[in-house]
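Taking it in order: structure first as structure tokens, then the write-up.
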Amino acid sequence: MSHDAPAHGSHDNYLTHKRGLWSWLYTLDHKRIGLLYLFTILSAFLVGGIAALMVRTELWKPGKVFLDPDGFNQAFTYHGSIMVFMVILPLIPSALGNLILPMQVGAKDVAFPKLNLLSYYVFLFGVILAVATLFTSGIDTGWTFYAPYSIRTSTATIMVVTGAFFMGFAAILTALNFITTVHKLRAPGLTFGRLPLFVWCIYATNIIQMLATPVIALTLMLLVFERLMGIGIFDAKLGGDPVLFQHFFWFYSHPAVYIMILPAMGIINEVIPVFSRKNVFSYWGMAGAVFGIAVVSFIVWGHHMFVSGQSETANFVFSLLTMFVAVPTGIKIFNWVATMYQGSIRLTTPMLYAMAFIFVFLVGGLTGVFLATVSINVHLTDTYFVVAHFHYTMVGGAIMAFMAGLHYWFPKFSGRMYAEFPAKISWFLIFLGFNVTFFPQFILGMQGMPRRYYSYPERFTNLNQISTVGSYLIALGFVLALFYLIYGLLWGKKAPDNPWGAETLEWKTSSPPPHENFIREPVVTHGPYEYQI
Amino acid sequence: METAFAQMLPPVASDVAGNWDTLFLFLVGVSVVFFVIVVGSMLWFLIKYREKEPGQKVGNIVHNDKLEFLWITIPTILVMIIFAWGWIVYKRMVDAPESAYDIKVIGKQWLWQFQYDNGKTTIGELIVPEKIPVRLIMTSDDVIHSFFLPDFRIKNDVVPGMYTKVWFQANEQGEHTIFCAEYCGNAHSKMMGTVKVVSLSEWETFQKGKGAPKERPASLVEWGQQLYTDKGCFACHSVDGVKGIGPSFKGIWGKQEEMSDGSHILVDENYVRESIEYPGTTKDKLVKGFPPVMPTFKGLIAEEELNALIAFIKNLKE
Chain A
513 MSHDAPAHGS HDNYLTHKRG LWSWLYTLDH KRIGLLYLFT ILSAFLVGGI AALMVRTELW
573 KPGKVFLDPD GFNQAFTYHG SIMVFMVILP LIPSALGNLI LPMQVGAKDV AFPKLNLLSY
633 YVFLFGVILA VATLFTSGID TGWTFYAPYS IRTSTATIMV VTGAFFMGFA AILTALNFIT
693 TVHKLRAPGL TFGRLPLFVW CIYATNIIQM LATPVIALTL MLLVFERLMG IGIFDAKLGG
753 DPVLFQHFFW FYSHPAVYIM ILPAMGIINE VIPVFSRKNV FSYWGMAGAV FGIAVVSFIV
813 WGHHMFVSGQ SETANFVFSL LTMFVAVPTG IKIFNWVATM YQGSIRLTTP MLYAMAFIFV
873 FLVGGLTGVF LATVSINVHL TDTYFVVAHF HYTMVGGAIM AFMAGLHYWF PKFSGRMYAE
933 FPAKISWFLI FLGFNVTFFP QFILGMQGMP RRYYSYPERF TNLNQISTVG SYLIALGFVL
993 ALFYLIYGLL WGKKAPDNPW GAETLEWKTS SPPPHENFIR EPVVTHGPYE YQI
Chain B
60 METAFAQMLP PVASDVAGNW DTLFLFLVGV SVVFFVIVVG SMLWFLIKYR EKEPGQKVGN
120 IVHNDKLEFL WITIPTILVM IIFAWGWIVY KRMVDAPESA YDIKVIGKQW LWQFQYDNGK
180 TTIGELIVPE KIPVRLIMTS DDVIHSFFLP DFRIKNDVVP GMYTKVWFQA NEQGEHTIFC
240 AEYCGNAHSK MMGTVKVVSL SEWETFQKGK GAPKERPASL VEWGQQLYTD KGCFACHSVD
300 GVKGIGPSFK GIWGKQEEMS DGSHILVDEN YVRESIEYPG TTKDKLVKGF PPVMPTFKGL
360 IAEEELNALI AFIKNLKE
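Structural data, given as structure tokens:
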């Protein structure tokens, strides 16, 4: 890509180290693997995004707009499962994690480079398997695959579920690799107390991935057995228990929510100190809160099931435990804002996204308390209130943070700068569009509009139309981002090694970095956010 | 402000809905306070500490024990209050009085069926008395559904192979929409129904089995049209020729329809009756291009009603 010499002389960087398609497909370089992930995931994001626009367009008015009910059900199923399994889950840990984490710990590469490449291909295989069903009978179960519907429906459940199984397997391998890397390959002087908080967050995420993902893998396989061989595990007609599926499913999928959000918090932890020129407020409070969230995440799955038919005692316990998620989450939000206090704030695009993250994630978090309250949950669950809530946390959280990270590290991995002005316009469109799309959905849910509805009573029309207009604004913002990022990648002005004046190790090497990250092994002598001003 | 928020919520139609709304508004209030504090200070810091020149002086505060203690304990106490309050309201929502009148509910793709003690069954319309606690004992015939009554603030999944319960006490006479809130396939969004809250005297009449709760239209076709809605036929069969889960009724009467095995059957009184009571599960009785998913209505539709439905379908002949 870049044929010119980087700023300080060396001609060789990881992009030019070897050439040709094969050197990319068979690369063992974590940065190149990171870019492979990024490309694959963003392609999936495009497909999932188109599905989202189809859903919103169909909901423009009650009754048929352009899809029949089966088409609509497939559109929201593909939107949900692509965005969850192929985009948000791997986006930050696998793509940005691969690009940045080994450099942040001062390593030449991850601990097991070949395993790293294998995880990518296992992931890719899962993606292809699942997306290929678009050309068969499709799938209409919703991303949650609830039994017994998923056992009875005539669509391609098995292929999609197997795809998700492979993606989960890839996540476990990546987690194993990163955990080993963090333990074994830190640069001299890089104690745990000096680790960038992004590393702490990815590390906590990896632990969740390793412990929780096997459960979903087993659950999905049980579903396949039941469909193929009629073994009665979940379908009551065969003597199974449909609520059991939900327990298994959420035992993984609730921790998975934190697999999505912890890495996002990690990015915000990097961006806010750098652009406030100030040490992070309460380093150990931040790291501790991450582990607090990770631990609690395993014992709150039942809050998805307050009206599922589980016992009142279970509802009591899960509601109580879920309340405790609010505390460490609150600590993190307060710490970020306190970091800005008495800083010297630069309003660059990553910082704008970080602030949008705080704004949006705060709304998501507060509405989370509504849903954790068992009686409030009864009315709101399975309505658009929940849809709005998890988009405020997942999209507002993970995607806003990803965009912050993408812009923040763009100069590092591409060696070029993106253009600030279109980036800010795009940020504005995405942030505005996001709120226009999802805020009305809170009100729809309060009024009682259930989710996954192809059609709806007349009285919900206005709010649905506002929401649909918002979704087009988001799309416009992302299309703009696609253009200026590609432009920046090819023709952007050369990036200096450390354009933001950051102190973490990835900025102590050239942009783009050489094949093995550092010419000389870095030695760490101070914390990650002690800026020399 | 309180009324503006209250207008965003559905009408308060049950005993417990008011308690629910109060707690909800409390949560909205707490959230607004926190939102203003966090976003307000963020914007204030942004303006006050915006970089004016590179390398300007910054503070060096890395922690503050008092502040951190406060923002751990205050939220903890608040969420515990919210939890406890939430639980108290929840107990009111789930603990039905001993005296509650039981009605059985069966959810199936894609209709609601209600069974009363007097042996009556209604489809799509639940008839309940005002000011008397009613308990619904629910199960599903196929996949998971969820019985959702926004005006009463109640919801519970309806699960095959087990019984789940909800109860409510309706405040006054009126009609309220029932939604299915758990995704159940093609016509999920059409799996709606109505709760009709009637006066005590109407309820007693209904209990004794005398008189229909609904006025019967004068003509057979109009009655059929009413049944088409009440029994839930509309969820799958359109009357404007649009292909649904089942064949459209428009113009079907008197046609030689092609079945799944390639044979042809004349759509007449006997075929319509048979299709309602014993919906086609075999290929020679199932119209080509449609899945065998219709539930049986045997015993749920009286002879007079069948005649009315047939008259209605006949009237849609092209």
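Taken in sequence, the protein lines are chains A and B.
Going by the working numbering, the first sequence opens with residue 513, and the numbers climb by one from there.
Going by the working numbering, the second sequence opens with residue 60, and the numbers climb by one from there.
We put the beta carbon where it would ideally sit given N, CA and C, even for glycine.
What is the rounded straight-line gap between the Cα of B:V346 and the Cα of B:K314?
Their backbone Cα atoms lie some 12 Å apart in a straight line.
Grouping DSSP H, G and I as helix and E and B as strand, with all else coil, what is B:C378?
Residue 378 of chain B cannot be examined here, being either before or after the span of chain B that is shown, 60 to 377.
If we cut at 7 Å on Cβ distances, does B:G145 have a partner in chain A?
It does: the Cβ of B:G145 has a partner Cβ on chain A nearer than 7 Å.
Tell me, please, whether the region 917-924 of chain A touches the region 236-251 of chain B by the rule of three or more beta-carbon pairs shorter than 8 Å.
No, they do not touch.
Just checking, does the region 706-715 of chain A make contact with the region 1027-1042 of chain A on the three C-beta pairs under 8 Å criterion?
Because the criterion of three Cβ pairs below 8 Å is met, the region 706-715 of chain A and the region 1027-1042 of chain A touch.
Taking only beta-carbon positions, decide if B:T264 is within less than 7 Å of chain A.
So, not an interface residue.
DSSP beta-bridge partners for B:E317?
Answer by DSSP bridge pairing, in chain order: B:H323.
Check the DSSP bridge columns for A:R928 and list the partner residues they point to.
For A:R928, which the question treats as bridged, DSSP gives the partners A:K1006.
What do you get for A:S730, buried or exposed, if any count of 16 or more other CB atoms within 10 angstroms of its CB means buried?
Strictly speaking, residue 730 of chain A in this sequence is Leu, with Ser absent from that position. Exposed, since its Cβ has fewer than 16 Cβ neighbours within 10 Å.
Give the interface partners of B:V187 over in chain A, defined as CB-CB distance under 9 Å, in chain order.
Here the premise fails: no neighbours, minimum Cβ distance about 18 Å.
7 Å is my cut-off, CB to CB: does B:R194 come that close to chain A?
Chain A, which has no Cβ nearer than 7 Å to the Cβ of B:R194, makes this no.
Taking its Cβ as the centre, do 16 or more other Cβ atoms sit within 10 Å of B:G270, making it buried, or is it exposed?
Residue placement at B:G270 is flagged as unreliable, the pLDDT there being 48, under the threshold of 50; a coordinate-derived value is accordingly withheld.
Runs of 4 residues minimum, wholly inside the region 592-617 of chain A: which ones carry the alpha helix (DSSP H) assignment?
Counting whole runs of 4 or more residues, the region 592-617 of chain A contains the alpha helix (DSSP H) stretches 609-616.
Helix, strand or coil for A:T725? Go by DSSP, reduced to three states.
DSSP places A:T725 in helix when its eight states are reduced to three.
For B:R194, report the span of its beta strand (DSSP E) as first-last.
Start and end: 192-199.
So what does DSSP say about A:Q854, is it helix, strand or coil?
In the structure shown, A:Q854 sits in coil (DSSP, three-state: anything other than H, G, I, E or B).
Tell me whether A:G797 is buried or exposed, calling it buried when 16 or more other Cβ atoms sit within 10 Å of its Cβ.
Buried, because 16 or more other Cβ atoms sit within 10 Å of the Cβ of A:G797.
Mind checking if B:W171 is an interface residue toward chain A, Cβ cutoff 7 Å exclusive?
Not an interface residue.
Go ahead and pull the three-state DSSP assignment for B:K255.
In this structure, B:K255 counts as strand in the three-state DSSP scheme.
Where do the N-terminal and C-terminal ends of the beta strand (DSSP E) with B:E189 fall, by residue?
Here B:E189 belongs to no beta strand (DSSP E), and DSSP marks it neither H nor E.
Straight-line CA distance for A:D894 to B:W79?
So the alpha carbons of these two residues sit roughly 17 Å apart.
Between B:G270 and chain A, is any beta-carbon pair separated by less than 7 Å?
Confidence in B:G270 is poor, its pLDDT being 48 and thus under 50, which makes the residue's placement unreliable; the coordinate value appears in the next sentence. No, no contact with chain A.
DSSP on B:K163, reduced to helix/strand/coil?
Strand.
When Cβ atoms are compared, which residues of the region 784-795 of chain A fall closer than 8 Å to chain B?
Answer set for the region 784-795 of chain A: S788, R789, K790, N791, V792, F793, S794, Y795.
Could you tell me whether the Cβ atoms of A:F737 and A:I728 are closer together than 7 Å?
Not in contact: A:F737 and A:I728 (Cβ atoms no closer than 7 Å).
If you drop the 5 nearest sequence neighbours on each side, which residues of the same chain put their C-beta closer than 7 Å to that of A:R739?
Counting only Cβ-Cβ distances below 7 Å, and skipping sequence neighbours, we find I663, T669, I670.
7 Å is my cut-off, CB to CB: does B:H122 come that close to chain D?
Absent here is chain D; the protein component of the structure consists of chains A and B.
Looking at the C-beta of B:G310, does it have a partner C-beta in chain A at a distance below 7 Å?
Closer than 7 Å: no.
Does the beta carbon of A:A607 come closer than 7 Å to any beta carbon on chain B?
Taking Cβ atoms only, chain B never reaches closer than 7 Å to A:A607, which makes this a no.
Expressed to the nearest angstrom, what Euclidean distance is found between the alpha-carbon atoms of A:N827 and A:G814?
Near 7 Å, if we compare the C-alpha coordinates of A:G814 and A:N827.
Assuming contact is defined by CB atoms lying nearer than 7 Å, are B:V164 and B:L195 in contact in what I supplied?
Taking 7 Å as the Cβ cut-off, B:V164 and B:L195 qualify as a contacting pair.
Could you check whether A:A682 and A:G631 sit closer than 7 Å to each other, using their CB atoms as the reference points?
The question names Gly, yet the displayed sequence has Ser at residue 631 of chain A. It is a contact, given that the beta carbons lie within the stated cut-off.
Would the beta-carbon of A:I720 fall within 7 Å of that of A:I771?
Yes, they are a contact pair.
Helix or strand or just coil, what does DSSP make of B:V202?
Of the three classes helix, strand and coil, the one that applies to B:V202 here is coil, per DSSP.
Have a look at the DSSP bridge pairing and note the partners of B:K344.
Its beta-bridge partners do not exist; DSSP assigns none.
In terms of residue numbering, what span does the alpha helix (DSSP H) encompassing A:T552 cover?
Note, A:T552: alpha helix (DSSP H), 542-570.
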